[in-house]
Amino acid sequence: LAQELRMAIALTYLERWPGGPRDTVSLIDRHGELVLTYAKVHTCDFDPVEATCTPGDSFPVCTLETAQGPVKVGAMICYDREFPESARMLMLGGAELILVPNVCDMELNFIAQVRTRAIENMVAIALANYAPPDANGHSIAFDPIAFTEHGSRDSLVVEAGEQEGVPLASFDLEAIRAYRARESWGNAFRKPHRYGLLVEQHVEDPFVRVNIHGEPYQSSKR
């Protein structure tokens, strides 16, 4: 289909995997070639069904060849977007565009998360959400350009309503790349040698949770 329509297509599915399926998205380019496969890292382990899934173990980035030239693309799936580390890993991997298949109600605060991920990592983000009754629609896209020479700007590119449809988001890659080359976010002034706690695996109150068996949940084991 991607080859027939001459367009890249991202699709989600449960991938057969030892120990339990993975929640996965694959990106097919306009030539019909598989260019990216990503398995959800932050599985919803508080959900009895999704807790049986095997989490992914990396945040890959691919080069998507388009009619306008190559674009570096990565993906997050739903709950991944609630962790700033997900988008940060993709930015560090070179992503310019992040695709986010999603299935939950996109309310004000979740939409703000997506806007923030785009700005703080200087990446474009396009999120596709289910329409009712599975979720509430509001598929949305942001570019990362928060400021121009005229001051602050709204980085919203498109927001769909609650009906099924095909909203179109157009990103000015030349402007985005120029912005990334001059502004202060992304990887420009990070101090990773100060971030030791980010890789600590011990969880303390008030964040201790139990798994589906009533045992203390340890994220490091997943």
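Numbering of the sequence shown is given in the working numbering, commencing with residue 2 and proceeding in unit increments.
All residues carry an ideal CB built from backbone N, CA and C; glycine is no exception.
Source: prediction; values computed, not measured.
Please classify residue 149: is it buried, with 16 or more other beta-carbons within 10 angstroms of its beta-carbon, or exposed? Numbered from 1 along the sequence shown, position 148 holds the residue referred to as residue 149. Counting Cβ neighbours within 10 Å, residue 149 comes out exposed, since fewer than 16 surround it.
Do residue 30 and residue 68 count as a contact pair if the criterion is CB distance below 8 Å? Walking along the sequence shown from the start, residue 68 turns up at place 67. Walking along the sequence shown from the start, residue 30 turns up at place 29. Contact: no.
Provide the residue span of the beta strand (DSSP E) that contains residue 157, from first to last. Here the question's residue 157 lines up with position 156 in the sequence shown. Counting along the chain, the beta strand (DSSP E) containing residue 157 begins and ends at 157-160.
Name the DSSP beta bridge partners of residue 73, please? By 1-based counting over the sequence shown, the position of residue 73 is 72. Partner(s): 64.
Taking the CB atoms as reference points, tell me whether residue 52 and residue 58 lie closer together than 8 Å. For this step, residue 52 is matched to residue 51 along the sequence shown. For this step, residue 58 is matched to residue 57 along the sequence shown. Against a cut-off of 8 Å, the Cβ pair of residue 58 and residue 52 comes out as no contact.
Going straight from the alpha carbon of residue 34 to that of residue 23, what length do you get? Taking the sequence shown and counting its residues from 1, one reaches residue 34 at position 33. Taking the sequence shown and counting its residues from 1, one reaches residue 23 at position 22. Their backbone Cα atoms lie some 21 Å apart in a straight line.
Skipping 5 residues on each side, what residues in its chain have a beta carbon closer than 8 Å to that of residue 104? The residue given as residue 104 occupies position 103 in the sequence shown. Only 79, 130, 131, 135 and 136 meet the Cβ criterion.
Euclidean distance between Cα positions of residue 82 and residue 115: Taking the first residue of the sequence shown as 1, we reach residue 82 at position 81. Taking the first residue of the sequence shown as 1, we reach residue 115 at position 114. Cα to Cα, residue 82 sits roughly 7 Å from residue 115.
Three-way DSSP call (helix, strand, coil) for residue 81 in this model: Here residue 81 refers to the residue found at position 80 of the sequence shown. DSSP places residue 81 in helix when its eight states are reduced to three.
State the beta-bridge partners of residue 211 as determined by DSSP. Translated into positions along the sequence shown, residue 211 becomes position 210. Answer is 217.
Answer yes if the segment 106-122 comes into contact with the segment 83-96, meaning at least three C-beta pairs across the two stretches below 8 Å, and no otherwise. yes
Going straight from the alpha carbon of residue 124 to that of residue 188, what length do you get? For the purposes of this step, residue 124 is identified with residue 123 of the sequence shown, where counting begins at 1. For the purposes of this step, residue 188 is identified with residue 187 of the sequence shown, where counting begins at 1. About 11 Å.
Residue 71 and residue 37: beta carbons closer than 8 Å? Your numbering for residue 71 matches position 70 in the sequence shown. Your numbering for residue 37 matches position 36 in the sequence shown. No, Cβ-Cβ distance for residue 71 and residue 37 is not below 8 Å.
So, under 8 Å CB-CB, residue 1 and residue 39 are touching, yes? Tell me the CB distance rounded to an integer number of Å. Within the shown structure, residues of the chain are numbered from 2 to 223, placing residue 1 beyond reach of any answer.
Looking at residue 143 and residue 126, is the spacing between their C-beta atoms short of 8 Å? Taking the sequence shown and counting its residues from 1, one reaches residue 126 at position 125. Taking the sequence shown and counting its residues from 1, one reaches residue 143 at position 142. Yes, they are a contact pair.
Let's see if you can read the secondary structure: which residues bound the beta strand (DSSP E) around residue 196? Stepping through the sequence shown from its first residue, residue 196 is reached at position 195. That residue, residue 196, is in no beta strand (DSSP E); it is neither H nor E in DSSP.
With a threshold of 16 other CB atoms inside 10 Å of the CB of residue 128, please say whether the residue is buried or exposed. Taking the first residue of the sequence shown as 1, we reach residue 128 at position 127. By the neighbour-count rule (16 or more Cβ atoms within 10 Å), residue 128 is buried.
So, at 6 Å on beta carbons, what are the nonlocal neighbours of residue 210 in its own chain, with the 5 sequence-adjacent residues on each side left out? Counted from its first residue, the sequence shown places residue 210 at position 209. 218, listed in sequence order.
With distances taken from CA atoms, which of 43, 27 and 192 is nearest residue 13? To locate residue 13, count along the sequence shown from 1; it is residue 12. When each option's Cα is compared against that of residue 13, the closest is 27.
Are the beta-carbon atoms of residue 139 and residue 107 separated by less than 8 Å? Translated into the one-based positions of the sequence shown, residue 139 becomes position 138. Translated into the one-based positions of the sequence shown, residue 107 becomes position 106. Yes.
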